[in-house]
Structures are given as structure tokens and as C-alpha cells.
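Chains as they are written, first to last, in my numbering: chain A, 15 to 285; chain B, 15 to 285; chain C, 15 to 285; chain D, 15 to 285.
Below is the structure:
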């Protein structure tokens, strides 16, 4: 391991006015103590801040409990929930820190554009063409649409919730490979809008595959890094359906031993 | 790199009632949408949550702008601040993802106790005795007091802000080694209470060394892992004086090349 | 004025899981300091709490700046807004404490039901039949649908945003009477869903008439109090588009002198 | 009742950077949806905001459960509390909307200054001299220090928590009159600092008298309105130890009938 190998930062920054899906509570920030408000002995002062946000705002991971169908989540677990403590099972605190092989599928690159149009559906054919390496069980598969470039303008990035993403066939292509998580650089991993949210249902509820959203994949694509070590530690919020995380990608991490799923996908909680 | 090498999780969980220093806004959580509140087509439902917290609550890193002395922060940077956007310089967003050599100094272990008493000052002598490997420039140095064991009871963990930590001599021992960051498993990296906060001032303002607090170092100590690869990506909040992070420690990461500070400590922002 | 005359409380309570319109940040609550966490001299302890919420959550008033049309708000004021400070004009801080004649129109009562069905549109005919007293310029006009009875169950109350309310004709009936504000006991003063939000646009943008939502009008209706003194002081949030308020209704306040609008409706800011 | 009689607004505004006692979570604000982020049919757009704050921030009332002594609150009620739901008894939701006789004691005026010095203790002698009318059972008694003039500068207003207020003798002067609530224009109704908080303990725990803080009494004093109708409706937060409120004072409300406490002070919850 070469400590001088700077990782790629796949997270987006947090700031007032940053994009958020309309139904999720936005990011609030305030400096809550200014330097000088209180003066410690010897002239020292400190400043501090506070934030508030939805757990699906900014770069984040969806816990499997984020979606359910007819009252059950992945693996047939019945929904048990309270406002005060969230989900009794499959919360984001059940996701261990993630250290896995990551694979980039540069869909925008394959399509020959910087940014996919809003109505672009990612199909199995696009996925086949963008996959430069074989996808293996347990991998993290990231689809680049180029929308990270729009992130600084909330209006463009949210775009009335219209945006590119996989449809159900694309989702099936991913789930058949028994991956650990799928992600993209958009606010919803879904050809949007689709009120039925079929990709979320198929991945989270039917397949036990996590979803990572609002990534920044621009630098990876620019450097043509299609295979990497993916390291991410979600904020460990008890019972939550999602959490911020700031994933890192290490190119050329040296010889990497495969990490198959030790059991059916999604069941490997607290791995 | 062996993907099967599970990293140590050095972060504490977030939950209602978790400990917080009295002057920092505590952690709030609520499930904001329950499964079933809205039903998507085909019977799918989703749930989501929101959180609010101070940036120095839970496992977190102090940006250099957290403290100032007589109106200036580290490197002579003048304090420029607004409530709405925080600090113009030395914010937590200026800290690149951290991939560095980590070193554990098990002070409680050296003292022969599970948990250091609240009035215990960590001195250079304790540090000398606990350092099983040589500390190098650019390292992350973590001091174990054993207080992570008290974390589940906010009253004990905060303890009227009385707790063990280094005094100014301990801080000088650390800064003389030109490390990147110092951390511990307590709420304040400081023999507390000390209203002058000399350790914070010496490390953050005078030495440009970050502070990481509220760590969980129990498992590392139990396994006698005193040297490791330390990987952490602070939540990237623009202008903030601190941020949550969930550090990982990889034992035996293979041959590790030294990573000296490329410039005087603290100045290597956006490295 | 008889101090023993207990006012009617027209506000709903705040609690975790209380109803909120999906696009508005929900209510968060936590006790942030427990009795006993810190002990003052002589055995005294204190407890404290924190909350977070959208400004259009719970019983609240819409500032005129809540809606705009083609870039302009009421009175032709151009939208000027920042994330950090909200609206430069027509913010909720421009609404003086409200002390006006209030009038209840019990639409559910006229319709002969406890709770209006979700698809019920309130028409001028309903308004005519429910108005037991003449409505005058500057009045507060409150329409009862009975939905306050559903408030304790967020799912029923929000009901996929389908609910009873006036259509555009009902809104015109109200605006022609030059009232100060219109209100109801539902989450949206609008026959919902209607993505064009014509009632909000007509009242707020075209007519300068405020909207008050999520009221509790049950007790007033039960006691057949159709005319009252309406007193309410919105939370004075600088630049906000809305604010919580807890209106009081005083029945039989003694002789009440008319309070006409001193100028075209809506322009009487900072009255 | 003359609707043209404009009430006095005794509340302070909310804005980023507003003063807050260091141990209470500060006020956060953000416009969370801008006009134009989403466009409704026909060109309409809406904007909305969110806030977060401690319940003892800004103009607020202390519930009797805010303080306890040796595990019991007023009336011998044992402390029962959870992080998620606050206090089981004596929460702010047990305070009915307040409609009572208010009395202003202009201590700064009596002292011949605009603003009382930070170390000024309000004594029974000051109270005697400032009371221009007789105080009666059930009244709201407001003490003016002039500190409302400092409110726009958080540093001055908080002043390292040093500020004027009554000592224990002043508190006893008030409690002997069996009033409903005492208030002032400072952040703490207490000669501060006094770590034992004797005035809070005496009023809240021993006497069942509420405390109202961060008032603005400047206009009342300027107009020499020493007796008035006091109307205030605290934000109705279930289980909370305090809540924002924006009190109104009506001068010359006409003949006012006395409103004695129907039972020992403080026990008249849900009156």
C-alpha cells in the first residue's frame, strides 16, 4: 500500500442550497458560535457549527430498509418502525464499513457525451458496452451519467426530478451479477420520474443490493480508472434508512484478492 | 491489498441521547416518512429520516479554524467568519481524505486500567511508555483512555466535562513529532476542565495539527494493533469548523511507504 | 375584556410523527439535556430540548412571498432570495401580530358530515350557505372541513396529498371580500391535488391574502362560534416564507369596532 | 375591544446569529426551496424554508419541568423523561394559552439608566420602587433591564453569560405575590452567573411560577404602559421543557376582571 497514492474522492460537498430531492429535508448550516463570542483565558476563542439534513441528501447510501413492498423489506423482514428510533431491522447501522472492489461503467462516455440527457434510460446494452472489466460477485458498480457536473446548480441537478438512470432491465442486469451495491452520480438511481420506483424496489427489496446516490465520478472517468478499491464508511446512524458517506476510490491498490459474497446478497449484514 | 482484511471501525454510533459536549447542539433524529405513509404504484413504500447535530458531536475532526488566538488561526490567518457560511479559510472542507500511518498509544493499558480516571493527565512520560513504535512526521496518533466504554451512558461520558487527557506538556510531546492529527476516545482532547483549553490552542492554532475526538479504540487495543493504515473522509461541509467522520484502521496493510508532510504541518490543505 | 373568558385554541400540537406535507421538512424533537446530566449546586438539575421543522409544518401562516408567478410576488415585487436569508421582501416578518375579526364557515356542518370527503371541492355555493354573518374587509375567514379530527394519524391527514378545499371559484369568492387571510383545517388550502396550485396563486400572488393552514376548528364549530376576535402572532422569522403560529379565538369579545384594510389588501405590511 | 388598538409585540425576531445561551442549540435557518427550483403549471413557483433551534432560544417560556431538585419537579412530581418524548409531566404543552393581566416593572427606568449594568442585582427594594400598580395573584410580571437594546449583537447580549437579574430575595418578592409567570428582557431570569440557579429553582420548582425570557419591553416602557392585557400562546410542543412564544400586550383593554389563580400557583395546568 502506497500512502502517497492519493485516493479519488467520490463525495459531493455540503453547502446551503445544495441539491436535494424535494421530499427529503434539505441541508441547513449555521456557524453557531463565532470566534470572539466567548473568550477563553489567554485570548483563545473557538467557533462551532451545526447542521441538519435528510439522510438521503448529498452523497449517501440507501439501507435495505429504505424501501418495502406490501409491508416487507428484503429477505421477508416485516416493517417495524417508530418515528423516534427508525427501523428495527436493516438500518444503515447494519452496513459494515465497505471495502470492496469497485467498477466504473462510464455510460456518458460510451454514449459520447459529457452529460446524459434527462430522459436517457440506461439499458443492458449500455451496461454491456461500458463494462471494460468483468463484474464480480460482491462488487460496487458505479454508473456515470455526467450529472455530477450539474451539482453546483440545484435547479439543474434536480430538474423537476427528471433524470437519467437505469430502467428495470438495467437493474436486472446488475442484480444478476450479485453485486453488493450499485451507484450513480444522480439524485435517484432510477430513470426518473417513475412513480413506481421499480429499480429501487428490485435492488433494495428483491435483491438486497444497496444503492449509492449523488456520487462524483468525473475524476475517475477522466483518468479512465475503471477498476479500483472502493472504501466507504457510512455515518453510523442507529435505525436510519440511509446515511451520508464519502467514498474513496484507490486506483492500483496492488494485488487485490476477490471478495465474494459469503452468503446470498444483502444478507451479509454486520459482515 | 487483501479485501478480506476487515478494517477496524474507530467511529461511535449516532442515536438520540448520545453524549455531546454541553455547548454543542446535540443529535436529533426522526423517521420523517414511514413505510405506508405514501404508497407507490405496485405496493412499494419508502421510509426516510432526518438528523440534526453539532459538527463537534459524535466521532469528529476539528478543522484548524475551530480555534483562534487573538483573532488569528494557524499560520497567521485572520479570522473571517459569517453565520451563514462559516469560516472563509481552514474549514473542514480544506482537509483532504486522510490516508496515513496511524499509531495507537494505549495509555490506559500502560496505566494498567480499563478506563483512566477522570482526573488523569496524560504526560510525556505516559506517551513515551505507550509508544511501541516510532512516531513519524505526518502520522495520526491516537491515545486510548478507555472512555469509549462509557459512551453508551451520556452522563458518565460527559461527566460534567471532567475527563482525562493530555496537558500542555503532552501536547508539546505530540507537536514536536510533526504529526498530522492527534486523537482520543474522549469528548475533549484535553485534561478537562481547563477553561484556557491549552492543548487545543497549542495543536490547532500554534502547530497546525488536527484533533479527532470521540473515537472508539477498544478493539484496536484488545488486538494489540499499535500501527495501522488510517483512512478517514470527513463529511465535506463547506466552511465548517469540524465534521463527523468514521475512521477505519487497517492492520497489516502490507508494505507501507512513509508519507512525510510535504510542507510545514497544517499548511498542507487540499493535499 | 373578561380575563376569565378562555380563548379557543386553534393550533395543533407538535410531536414526532405529526403530519407534514411531503415536500416540507418534518418536525424533529429531542430532549437534549436530561435532568441529572449536569448537577447544579444544591442538587438542582435542568433539562432542555431542541426542535427542527419546516416553516410550513404544523399550524402555520403563509407569507405572501411563499408563491410567485413568472418571477414576481404580490404587488409586482420581484423575487429576491438567498438560501441564507430567505426573501428580501414580503417575508413572514412583515406580518404584524394579527388582531382581527374572525369568521368561521363550517362547510362540513353545512354538508351534514363530520369530515368532508377527500375529493370535496368547496364552491361559492357552499361558502354562501356556510356564511352565517356578513364577511367584511380585513376579516380572517376560516373554512372547516373537519379534517382536524384526522390530525393524530399522519397517514390519513396527508392522504397522498389528496384532500378537500376550495377551487379557484371559491378562492375568488373569498378575494372579492377583501379579507386579510383565509384558513382551514387541512394541510393545503386547495382542492388537492392540483399541481397548478391555483388557489395559492390567486390568494397570495394576485390578491395579497394570507393563508393559514393546519388549524383546529372543531371546538369553535361544536360551540357554534361563527364570529370571534382572532389573535395570532406568527413566529417572527426574518425573511421566511411561512411561520408557525397558534391562533386564539375569543368569543363575545364585547363591542368590536370594524377594522377595514387601510389600503389595498396585502399591501398593509408592517401595519 | 377596539380592533384598531395595535398590541405591543413583546417578542424578539429569529435570525442566523441571534443570541443564544451557550448550552442551548442555536437557531438555524435556510430557504430550502427557491422560487424557480420547481415550476408549477402556468408559471407559478413556491419557496419554503426550514428552521432548527433549542426550545430556550429566542423569546420563550420555561415549562415547570425545565428544572428539578433532587429528582422532583414542582408539586413533588418525579422526573420522568425520555430523549424521544421529553417530559411525561409539566411539559410546555400543559400550559394553556395565556390571557392574563400583565404588569411592567421598569427597573432600568427606576435606576435611571437605559441599560442595567451586567452585574446589577434586582432587589426587593428595586421591585417595590418600580411597581406602579399593585401586583395581584395570577399576574404576569415583567422586569425591564433594557438589555433588549443589546439583542442585535449576540456577543453583547450573551456577554459570557454575565447579566443583570433578580437574586433569590427578588425571586421571593415575586413568589409571595402568587403570580403566574415572571419575565424579563435578558437571556436568563437570574443575576448571572450563578451556577446554583437559585431563582430558577425557587420559581419553577418551589413556587410553580413560569419564567419568560428574551422579551422586548422597550416600547412598553417608552409609552409608560405599566398595566396591560398579556396574551401569549406558546408553541405547543408535546413534552418539551420550553417553547417559543411571541407575547402581545394590549394597553387599555377596557374593564378587566381579575383572574385569581383557581388553585395553588403552578397547579393550574390545562386551565
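Note that beta-carbon positions come from the ideal geometry of N, C-alpha and C, so glycine has one too. A quick note: this is a predicted structure, and the numbers were derived from the prediction, not measured.
| request: Since I believe residue 64 of chain A is in contact with residue 66 of chain B (beta carbons under 8 Å), could you give me their beta-carbon distance rounded to a whole number of angstroms? | output: 7 Å
| Under 8 Å between C-beta atoms, does residue 97 of chain C make it to chain A? | yes
| said: Our contact map puts residue 21 of chain D next to residue 231 of chain D with C-beta atoms below 8 Å; I'd like the distance itself, whole angstroms only. | reply: No, residue 21 of chain D and residue 231 of chain D are not in contact; Cβ-Cβ is about 14 Å, not under 8 Å.
| query | residue 171 of chain B: which of B:35, B:139, B:156, B:42 sits nearest, CA to CA? | reply | B:35
| message | Can you confirm whether the segment 213 to 228 of chain B touches the segment 177 to 194 of chain B when touching is taken to mean that 3 or more C-beta pairs between the two stretches lie within less than 8 Å? | response | yes
| said: Cβ closer than 7 Å: which chain C residues qualify as neighbours of residue 66 of chain A? | reply: 66
| task | Would you give the residue range spanned by the beta strand (DSSP E) that residue 65 of chain C belongs to? | result | 62 to 68
| request: Check whether the Cβ of residue 209 of chain A lies closer than 8 Å to any Cβ atom in chain D. | output: no
| Using a beta-carbon distance below 8 Å, is residue 124 of chain C in contact with chain D? | no
| task | Please name the residue, chosen from B:77, B:140, B:260, that lies closest to residue 228 of chain B on a Cα-to-Cα basis. | result | B:260
| said: Let me confirm a value: residue 142 of chain A is counted as buried when at least 16 other C-beta atoms fall within 10 Å, else exposed. Which label applies? | reply: exposed
| query | So, helix, strand or coil for residue 223 of chain C, using DSSP? | reply | coil
| request: Leaving out five residues on either side along the sequence, give the residues of the same chain with a beta carbon under 7 Å from the beta carbon of residue 280 of chain D. | output: Model confidence at residue 280 of chain D stands at a pLDDT of 37, short of 50, so the residue's coordinates are unreliable; what they give is reported in the following sentence. These residues qualify, in order along the chain: 78, 88, 89, 221, 222, 223.
| task | Measure the Cβ-Cβ separation of residue 241 of chain A and residue 147 of chain A and say whether it is below 8 Å. | result | yes
| Near the ligand FMN: residue 44 of chain A beta-carbon under 7 Å from a heavy atom | This structure does not include the ligand FMN; it has no bound ligands of any sort.
| query | Just checking, does the segment 194 to 203 of chain A make contact with the segment 41 to 55 of chain A on the three C-beta pairs under 8 Å criterion? | reply | no
| message | Just verifying my parser: in three-state terms, what is the DSSP assignment at residue 28 of chain C? | response | strand
| task | Could you spell out where the beta strand (DSSP E) holding residue 258 of chain D opens and where it closes? | result | 256 to 258
| message | Looking only at its chain, what residues have a beta carbon closer than 6 Å to the beta carbon of residue 153 of chain A, apart from the 5 residues adjacent to it on each side? | response | 115, 117, 193
| Taking C-alpha atoms, which residue in B:25, B:245, B:128, B:91 lies nearest to residue 236 of chain B? | B:128
| query | Near residue 266 of chain D, what residues of its chain come up, given a Cβ to Cβ distance below 6 Å and the 5 sequence neighbours on each side ignored? | reply | none
| query | Shorter than 8 Å from the beta carbon of residue 49 of chain B to some beta carbon of chain C? | reply | no
| Could you check where the alpha helix (DSSP H) with residue 232 of chain B kicks off and where it finishes? | 232 to 236
| query | Sorted by chain position, which residues of the same chain lie with C-beta nearer than 8 Å to residue 131 of chain D's C-beta, five sequence neighbours on each side aside? | reply | 178
| Among C:173, C:169, C:212, C:91, which residue has its Cα nearest to the Cα of residue 186 of chain C? | C:212
| task | Using 10 angstroms around the beta-carbon of residue 284 of chain A, count the other beta-carbons present and answer buried if the total reaches 16, otherwise exposed. | result | At residue 284 of chain A the pLDDT is 36, less than 50, meaning the model places this residue with poor confidence and gives no usable figure here.
| Neighbourhood of residue 23 of chain B by C-beta distance below 6 Å, restricted to the same chain and skipping five residues each side | none
| Between residue 251 of chain D and chain C, is there a C-beta pair that is closer than 8 Å? | yes
| query | In chain order, which alpha helix (DSSP H) runs of at least 4 residues are fully inside the segment 147 to 184 of chain B? | reply | 168 to 172
| When DSSP labels each residue in this structure, what does residue 190 of chain B get in the three-state scheme? | coil
| In the DSSP assignment, what are the bridge partners of residue 49 of chain B? | B:52
| query | Does residue 58 of chain B have its Cβ less than 8 Å from a Cβ in chain A? | reply | yes
| field | Members of the segment 162 to 181 of chain B that neighbour chain A once the beta carbon cut-off is set at 8 Å | value | none
| Taking Cβ positions, are residue 136 of chain D and residue 121 of chain D nearer each other than 8 Å? | yes
| Counted within 10 angstroms of its Cβ, other Cβ atoms place residue 225 of chain D as buried (16 or more) or exposed | buried
| Interface residues of chain A facing residue 31 of chain C [CB-CB closer than 7 Å] | 97
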